[in-house]
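To keep things clear, I will list the structure first and then write my remarks on it.
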Amino acid sequence: MLAAALVAALAWLAVGLAGLVPAGNAVLARRVLFPLGAAVGLALAALGAQAAWAPAETLVAPLGLPDLPFHLRLDPLAGFFLLLLGAVSAGVSTYCAGYFREETPLRLRLICLQYHVFLAAMAFVILADDAYLFMVAWETMALASYFLVTTDHQRPAIRNAGFLYLLVAHIGALAVLLCFGVMHAGGGDYTFDALREAQLSPFWASVAFLLAFFGFGAKAGLLPLHAWLPEAHPAAPSPVSALMSGVMIKTAIYGMVRVVYDLIGAVRWEWGLLVLVVGAATALFGILFALAQQDLKRLLAYSSVENIGIVLLGLGMSLVFFGFGQPEAGMLGLIASLYHAFNHAVFKSLLFLGAGSILHASGLRDLNAMGGLVRPMPAVAFYFLIGTLSISALPPLNGFVSEWLTFQTALQAPLIEHGVMRSLVPLFAATLALSAALTAMCFVKVYGVAFLGRPRTQQQAVHDASLAERLGLAWLSAGCVVLGLFPTALLLTLNRVGESLTGASLGAAALESSWFWLVPTEPARASYSPVIFLLVVLAVVLVTIRVVLLYHGRVRSADPWDCGFPEQGTRMQDTAEGFAQPIRQIFGPVYLLKRHLPGPDDSNPRYSVKVEDRHWYWLYLPLARLAGYLSAKVALLQRGRISTYLLYSFFTLIALLVFVR
Amino acid sequence: MNAGVALQVLQSILVVLIAPLVMGWVNVCRAWLQNRSAPSVWLPYYTLAKLFHKDAIIAHTASPLFRWMPYVLFGCMWLAAGIVPVLATDLPFAPAADIIALVGVFAMARVATALAAMDTGTAFGGLGARREMMVGFLAEPAMLMTLFTAAFISGSTQLATIVDTLAHREFAIYPSLAFAGVAFLMVLLAENARIPVDNPTTHLELTMIHEAMILEYSARHLALIEWAVAIKLVAYMTIGFALFLPWGIAPAGDWGALPLALAALAAKLALAGAGLAFLETLLAKMRIFLVAEFLSTAFMLAVLGMLIHFLVRA
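As given, the protein sequences belong to chains V and R, one line each in that order.
If you use the numbering used here, the first sequence closes out at 661, no skipped numbers anywhere.
If you use the numbering used here, the second sequence closes out at 1314, no skipped numbers anywhere.
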C-alpha cells in the first residue's frame, strides 16, 4: 500500500511535468491533466482510508543523497491525512479543469506544474519517516505554494504578499528544524524511529514541544503568526487558496500531532494549557476580524485562522486529559480536533471555490459590490449555502459534528484531578460557543450580502459556473453532507488513528455505536443522530407543505413593502460593514479602526472605515525595523576591499584555533 | 417501544397545539396587569386561521429560500418540541439530539430567518437580521453555559437523564442552579424577542428586531412563523421546567403518572406565562447596545454558576 501511495505521489509529479511538454496543447492540459490529477487524488484517498485500518508499513526509497536515503512510512495517522489530501484535492482539481479557462498557455503550464508539485510535496510531508525527507518536502511545499501565490506577480501587492508568506514559512521551518535537532538529542540518526527512541528530559521535551508548536503554528496561522494568511490567500488563484486554506494548513496540524503524540510521546498537561490559550485567542481573533472584512477572500482567510483555533481547542483539551492520565477523554479531544480539521478542509475549500466562481463570473471580490447573485448563478448559490451552513456549525451538517465532539470533550472536565484546570476547560468551551455563534453571524453576512437581496452595482452579464467547476463544488458539498450525516465511520477511523499513536481508545459503548447514532462515551451521557434529526425536520416540512397547499396555495407577486417610502434604492440594503457594525461597537478595543466621517456641509459625502490588525504595529513592523537596523550594522563589515575580508578570515582562524586547541 | 413512540408523537402534537394558547394567555395576563380589557385567550388561533385563509404575497425580488424558510423554521421548532421532556422522560426520539444539539436547532432556525430577511433586499430586513444575529451570538454562549451547569450536575447532556437526576435528588437549594436559573431567564427573554430586549407588539420600524425580519411575510407563511415563535416560547419554558422545576414529569414507564404530569405542566405553564407578562409589564425595552451588557451579565452568571458547582460540588 505504501508503494502504491508512493507511486501516486510520483504520478502527481509526472502530471505536473507533462504539462510542460511544449507540444502539449494548453486546452488539453487543462481538460486532461487536472482531471488526471483529481483521479490520482481519489486513488490516494482510497489508499489512505485503507491504511488507516492497516498496520504501519515502512519503506526505504533509493532516493535522496548517497548514504542518506528517504525513509517512508504509512501508518493510520498518515493514512487519515492522505485521505484528507486526496479527497479534497480531487474536488479542487476537478474544479481547476473548468476554472483556468482564461489563462495564457504559458501561465497555464506553469500553474499546472506548480500545482501538482505542491500536491506531491504535501503527500511526501505526510509520508516522510525521517527529518531529512520531511524538511525537503516541507520546503518544496512552501516554495511551490509561494510560486502559486505570486501567479499574478506583475502586481506589487501580490509580490509583497508572497514575500511575507515566504518569510513566515521559513521562520517556521527553521523552528521545525531546530525541533528535530532537539529531539535527536545527540545520538543516532534522523529517522523518526530514532527520534521516537530518544529519551528526552522533561525540560528538553518541553523545548521540543515549544519549537514544534511555534514552527507548525507559523504554517497553520496561529496568533500572532497569522498575518500571512489574509495577505497570501486572496492573492493566490481561488483553487490554490482552497488548497492552501483547506489542506496545506492541515499539514501543520499533522506535524503537531506527529511530533507531540508520536515522536515526543510523553505528553504534559501544561502544554495543553498553552495550546488551549493560544487556540482560544486565535479562534476569537480570527472570527472577529473575519466579520470586519468586506473582501470575500480575505474574510475566508481570517475564518481559516478561526478554524485552526478551534482545531487547537480540541487538541489542547486532548493534551490536558492525556497529561492528567485520562486517555479516554484525551482520545475524544484528539478525535474532535482531527474531525474538525477534515471538516474545515472540506467546507473551506468549497467556500473558496465558490468565491472563485463569483470572481470569474462577475469580476467581484468586494462584498459591497455584490448582491442578488442567487438569480444569475443558482448552482453556485446552492453549493455555497451548504458551505455556509456547514461552517456555521448548524446541524445536521458536518461543522456541527466536530464542535459537538469538542463540547463533549469539555464536558469530561470533572475527570481532571486539578481544581483550576477542571474549571478552566469548560471556559474554553465557552469561547468555542462564542466563536461558533460569531461564525454564524459572519456567514449570514457573507451569504446575505453576496447572494441575496438585489444587485448593489451594475453588473455585466453574470453567468453560472461551468460544468467542471460545478462538479468540483458538488463533490465538496457532498462531503459536507456525508460527514455531517454519517459521522460514525470517520469517528471509528479516527479512534483507530489515535489508538495507533497513544494506545488509548474510546469506551466500548462508543465503538459499538451504529452508523447513524453517534455516542462519544455512553448512551446515557450523550448521543446525537443527525439522520433522525434530518428526517424529522424533513417530514414535518413536507407534511406541512402538503397540508397547507391542500387548503389553498394561492400566491401573488408584488413589490417588496416600502414602508411608505417609495424611493427604496438598492444601495439602501445592508452592506458588509453595516452588518458587522454591532461587532465593531461591542468589540471595539480589538480593532484598530480608521474611520472617515463626512462633515455636515460636505457636498460629496463619503463614509469609509478601515479595520487594521494591531499586530502589525506592535510586532511585525518593529521586528522589520529591527531586522533593517541589524542588517545596516552588519553591512558595516562589508568594505568592498579584499584585504579587509582576508583580515576577517585571519581573525576567524585565530579564534577557531583558540576554541579548538 | 411502541407506547414510547405514541407518547412521543402525542407530546409533540400537544406542545404544537397548545403553543398559541400559551401566547394568548401571556397576552391576557399582560392586558390585566396593564389595566386594559383583555382579548380572548383564543385570539392567536383566530389570527392563525385568518392568516391561513389569505392569499400569500411574495416580493418579486425574493428567491426560493424566502418561501422555504417558514417551513424550515416550523420543522425545527417541532423537532425542538419533540426533544424536550414535557410530560415524560421516556421519549424514543430524544436521544437523537441532546441539549447541545437543541441549541444547534435554535441556531439553525435563527440563521434561516436571518437569511430570509435579507432575501428581498429591503433596508429593514438587513437591519433586523443584523440585530437578531447580534442577540444570537450573545445569547448562545450564555445558554450553553447554563446547560453545561446542569450537565455537570447530572453527568449527562441528555435532557431525559438530566430531568431524572434533578427530580430525584433531595430537596435543597443548589447555588449553582440558582445562578444558572437567573441566566436562563435572561436568555429566554432575549431569544424569544420579549421585553426588555425586543418588543413583540411593536411595529415602530427602528426598534424592531424580530418583527423587522418578518416584515415581508404574509398569509400562510406568516402564520407558520407566528406559530413557530409560539412553539419556541413553549419549548424554552419547558426546557426551563426540565432544568429548574423538574418535579411532576413522569419517569420512564410510569403511565399512571401521566395525568399528574399533565396537570403539573398546565400549572407550570400558567404560572410561567403570568410571570412573563409580569416581567414585561415591569421592565422597559432597552437600547440595542445595552443588550450586549444584559446578555454578557447572563453569560457571567452562568459561568459563575458552573464555577460554584466545581467549588462546592453542588
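Ideal Cβ positions, reconstructed from N, Cα and C, are used throughout, including at glycine.
Given the structure is predicted, the values throughout are model-derived calculations rather than measurements.
Residues that residue 404 of chain V contacts on chain R, provided the C-beta gap is smaller than 8 Å: 1100, 1101 and 1104
Residues near residue 1070 of chain R in its chain [Cβ-Cβ closer than 6 Å; skip 5 each side]: 1221, 1224 and 1225
Residue 192 of chain V in three-state terms, based on DSSP: helix
Beta-carbon spacing of residue 547 of chain V, residue 1058 of chain R below 7 Å: no
One or two residues paired with residue 633 of chain V in a DSSP bridge: Answer is none; residue 633 of chain V lacks a bridge partner.
Neighbouring residues, chain V, relative to residue 1060 of chain R (Cβ below 9 Å): 557, 558, 559 and 560
Opposing strand residues paired with residue 70 of chain V [DSSP bridges]: V/61
Minimum C-alpha distance to residue 472 of chain V - residue among V/49, V/91 and V/644: V/91
Near-chain R residues of the stretch 583 to 608 of chain V (beta-carbon distance less than 8 Å), N- to C-terminal order: 583, 585 and 586
Within-7 Å CB hit, residue 400 of chain V to chain A: Absent from the structure is chain A; the protein chains it does hold are V and R.
Where residue 21 of chain V falls: helix, strand or coil (DSSP): coil
Neighbouring residues, chain V, relative to residue 1056 of chain R (Cβ below 9 Å): 553, 554, 555 and 556
Residue range of the alpha helix (DSSP H) that includes residue 1226 of chain R: 1219 to 1244
Chain V within 7 Å of residue 1314 of chain R, Cβ atoms only: Note that residue 1314 of chain R scores a pLDDT of 49, beneath 50, so its modelled location is shaky; the value from the coordinates is reported in the next line. So, not an interface residue.
Contact list for residue 523 of chain V against chain R, beta-carbon separation under 9 Å: 1095 and 1158
Contacts of residue 375 of chain V in chain R (Cβ-Cβ under 8 Å): 1063
Minimum C-alpha distance to residue 322 of chain V - residue among V/286, V/498 and V/148: V/498
Exposure label - residue 1012 of chain R; buried when at least 16 CB within 10 Å: buried
Stretch pair the stretch 7 to 18 of chain V + the stretch 122 to 140 of chain V: three plus CB contacts closer than 8 Å: yes
Own chain partners of residue 1114 of chain R with C-beta closer than 7 Å, once the 5 adjacent residues on each side are dropped: 1129, 1132, 1133 and 1213
Residue 1314 of chain R classed as buried or exposed, judged by whether at least 16 other C-beta atoms fall within 10 angstroms: Annotation note: pLDDT 49 at residue 1314 of chain R (below 50); position unreliable, no value reported.
Residue 37 of chain V vs residue 116 of chain V beta-carbon contact at 7 Å: yes
Option in R/1003, R/1035 and R/1301 with minimal Cα separation from residue 1281 of chain R: R/1035
For residue 242 of chain V, the nearest candidate out of V/131, V/456 and V/357 (CA to CA): V/357
Inter-residue spacing [alpha-carbon to alpha-carbon] between residue 1094 of chain R and residue 1158 of chain R: 8 Å
Contacts around residue 341 of chain V, its chain only, beta-carbon distance under 8 Å, and the 5 residues preceding and following it disregarded: 84, 250, 253 and 311
Counterpart residues of residue 596 of chain V in DSSP-defined beta bridges: V/608
Option nearest residue 175 of chain V by Cα separation, candidates V/66, V/211, V/200 and V/148: V/211
Contact test: residue 445 of chain V Cβ vs the ligand FAD heavy atom, cutoff 6 Å: The model depicted lacks the ligand FAD and carries no ligand whatsoever.
Cα-Cα separation, residue 398 of chain V to residue 531 of chain V: 12 Å
Short CB-CB distance (under 7 Å) between residue 302 of chain V and chain R: no
Which residues DSSP lists as bridging residue 1058 of chain R, in chain order: V/557
Neighbour flag for residue 1140 of chain R against chain V, beta carbons, 7 Å: yes
Cβ-Cβ distance between residue 1250 of chain R and residue 1088 of chain R below 7 Å: yes
Neighbouring residues, chain R, relative to residue 407 of chain V (Cβ below 7 Å): 1100
Members of the stretch 1284 to 1303 of chain R that neighbour chain V once the beta carbon cut-off is set at 7 Å: 1289, 1292 and 1303
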